[in-house]
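Q:
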Amino acid sequence: MASSEIIETTEYEEDLATSLSHDELLEVTQSSLATLLSNDSLLKDLPNDILIEEVLSQIAVEHGQSITIFVSRETEPTLKVIIPQSASVRGLKKAIQRHFELYQKRAGIKTKISWKYIWKTYNLNFDSIALDDDNAPIHNYGVTNKVTLQFKKKKGNKKKLS
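Going by the UniProt record's numbering, the sequence shown opens with residue 1, and the numbers climb by one from there.
#1: Residues bridged to E76 by DSSP?
#2: Provide the residue span of the alpha helix (DSSP H) that contains L43, from first to last.
#3: One question on the structure: do N140 and A130 come within less than 8 Å of each other, judged by their Cβ atoms?
#4: Is the beta carbon of Q85 closer than 8 Å to that of Q65?
#5: Classify K93: buried if its beta carbon has 16 or more other beta carbons within 10 angstroms, exposed otherwise.
#6: Put K105 into one of helix, strand or coil per three-state DSSP.
#7: If you drop the 5 nearest sequence neighbours on each side, which residues of the same chain put their C-beta closer than 8 Å to that of F70?
#8: For N123, which residues does DSSP report across the bridge?
#9: What is the rounded straight-line gap between the Cα of E54 and the Cα of T144?
#10: With 16 other CB atoms within 10 Å as the buried threshold, where does Q58 fall?
#11: Kindly indicate which residue of I113, V61, N39, I138 has the alpha-carbon position closest to the one of N125.
#12: What residues match up with T144 in a beta bridge as DSSP calls it?
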């Protein structure tokens with residue numbers, strides 16, 4: 001592309017930007033972004049209302065810096081969570097929380113989740129092994145790219161009423 005063509009394109013975009021209302025410009029931008037994402041082999045499975053964090057996570061996976069973990073939730077859809085390879089169990093739990101809250105927002109679900117209760121009541125399990133040490137790296141449990149974790153109710157000491 002010649003420099004004169006670039007200048008003409010830039011002037012056209014500036015004219016377009018000044019002639020459109022904010023809502024129209026937002027719609028054009030979202031439409032352009034959706035087209036770009038759908039045509040890119042690395043980013044095509046990302047949602048149209050993408051956050052920069054999600055784009056960076058997907059790029060990190062493609063570069064081998066992060067891994068994808070699937071979290072099975074009985075009757076609910078499986079969650080796809082991207083975390084750094086060196087993540088701890090605590091980092092994995094925080095990533096699950098962020099991903100689930102984003103999933104709820106996109107689905108229009110307004111239910112409040114008590115994550116303190118979830119982590120007190122359930123363990124994440126991989127191959128029947130509970131990921132029970134929040135400070136341990138996930139690779140200590142054999143968790144690698146594209147594995148599926150399950151929530152499993154903790155077997156605790158219930159207080160008996162006398």
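We put the beta carbon where it would ideally sit given N, CA and C, even for glycine.
A: With the given structure in hand:
#1: Your numbering for residue 76 matches position 76 in the sequence shown. Its beta-bridge partners are R73.
#2: As a working note, residue 43 is residue 43 in the sequence shown. From DSSP, L43 is part of no alpha helix (DSSP H); its letter is neither H nor E.
#3: In the sequence shown, counting from the first residue as 1, residue 140 sits at position 140. In the sequence shown, counting from the first residue as 1, residue 130 sits at position 130. No; because the gap between Cβ atoms is not below 8 Å, this pair is not in contact.
#4: Position 65 of the sequence shown holds residue 65. Position 85 of the sequence shown holds residue 85. A contact, by the Cβ cut-off of 8 Å.
#5: Along the sequence shown, read from residue 1 onward, the residue named residue 93 stands at position 93. The residue is buried, with at least 16 neighbouring Cβ atoms inside 10 Å.
#6: What you label residue 105 is simply residue 105 of the sequence shown in a count that begins at 1. Helix at K105.
#7: What you label residue 70 is simply residue 70 of the sequence shown in a count that begins at 1. These residues qualify, in order along the chain: T78, L79, K80, V81, K146, V147, T148, L149.
#8: Here residue 123 is taken as the residue at index 123 of the sequence shown, counted from 1. In the DSSP output, where bridge partners are listed per residue, N123 has K152.
#9: Position 54 of the sequence shown holds residue 54. Position 144 of the sequence shown holds residue 144. Those two C-alpha atoms are separated by around 20 Å.
#10: What you label residue 58 is simply residue 58 of the sequence shown in a count that begins at 1. That one is buried.
#11: Working through the sequence shown from its first residue, we reach residue 125 at position 125. The shortest C-alpha separation from N125 is found at I138.
#12: One-based indexing of the sequence shown puts residue 144 at position 144. According to DSSP, T144 bridges with nothing at all.
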